[in-house]
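Quick notes on the structure that follows.
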Amino acid sequence: MMPFLYFPENKWEYLPAGLTCLLFIIGAFLTWRIFVKASQREAKRLEHVEKQIQELNGTGHVDLSAR
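Numbering (the numbering used here), first residue to last: 176 to 242.
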């Protein structure tokens, strides 16, 4: 029967697990950066749309009650 915790004598057996963990950490970081960049682009686009709406209304604020 194999023991519950297995600590190998040959420390090279840790390498695949460490590389896999590192790969997933890098992937998670890159995914997070993609979401941040997309969010910034969306905020900039919405700011531009809001300015266009304000210019069309001729006021300094957006009137949402006119819908």
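Note that the Cβ used here is the ideal one computed from N, Cα and C, for glycine as well. Model, not experiment: these values are computed from the prediction.
DSSP-derived helix/strand/coil call for residue i
i      : result
Asn232 : helix
Leu221 : helix
Glu188 : helix
Leu180 : coil
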